[in-house]
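> The letter at position 42 of the sequence shown is residue 42 when you use the UniProt record's numbering, and the numbering goes up by one with no holes. Have a look at this one.
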Amino acid sequence: MIDRRSRYTHTPVLTADDGRGGTEQVLDLRETPPTSSVLSIVATDADRLDLLAFRYYRDPTRFWRVCDAATDLDPFDVLVPGRPVLIPPDK
C-alpha cells in the first residue's frame, strides 16, 4: 500500500518474474515531473532535506518535493551551505 502523499502514488505497479518461478509486484520507473518553486532559500550548515521539509510542509517525509524542484539535487546529497535550494509549493 502506498501512502496517498507519496511521490509514488500515481506510479504504475508492474508484475515481474522473480527468477524462482513466481512473480513480484514492483513499481514502474517514476519520471520526475516539472516542478516549479515558490521560494528560494540559501542553505546553511544546519540545513538538511528532512528539516526543510518539516519547516515548509510540516512533514519531514516530504523532502522529495524539494528534490523534485531541483533536478541536480539527489535525496542522498548533503546540502551545500551557501547554495540556493528551491522550495516548491505543497500540493
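Backbone N, C-alpha and C define an ideal beta-carbon position, used for all residues, glycine too.
#1: Can you find the residues in the same chain that come closer than 7 angstroms, C-beta to C-beta, to TRP64, ignoring five residues on each side of it along the sequence?
#2: Quick check on the DSSP output: what are the complete alpha helix (DSSP H) runs of length 4 or more inside the UniProt region "Disordered" (1-24), in order along the chain?
#3: Cα separation between ILE2 and ARG62?
#4: For ARG48, I'd like the list of residues in its chain whose CB is within less than 7 angstroms of its CB, leaving aside the five on either flank, ordered along the chain.
#5: Which first and last residues belong to the alpha helix (DSSP H) in which VAL66 is found?
#6: Can you give me the Cβ contacts of TYR57 inside the same chain, cut-off strictly under 8 angstroms, excluding the 5 residues immediately before and after it?
Reading from the atomic positions:
#1: For TRP64, where only same-chain residues beyond five positions count, the Cβ hits under 7 angstroms are ARG7, PRO75.
#2: If you keep only unbroken alpha helix (DSSP H) runs of at least 4 residues inside the UniProt region "Disordered" (1-24), you get nothing at all.
#3: Whole-angstrom Cα-Cα distance: 14 angstroms.
#4: Within its own chain, the residues whose Cβ lies closer than 7 angstroms to the Cβ of ARG48, once the five positions on either side in sequence are excluded, are LEU79, listed in chain order.
#5: Under the DSSP assignment, VAL66 falls in the alpha helix (DSSP H) whose first and last residues are 63-69.
#6: Only residues of its own chain outside the window of five on either side were considered, and among them ARG65, ASP90 have a CB closer than 8 angstroms to the CB of TYR57, listed in chain order.
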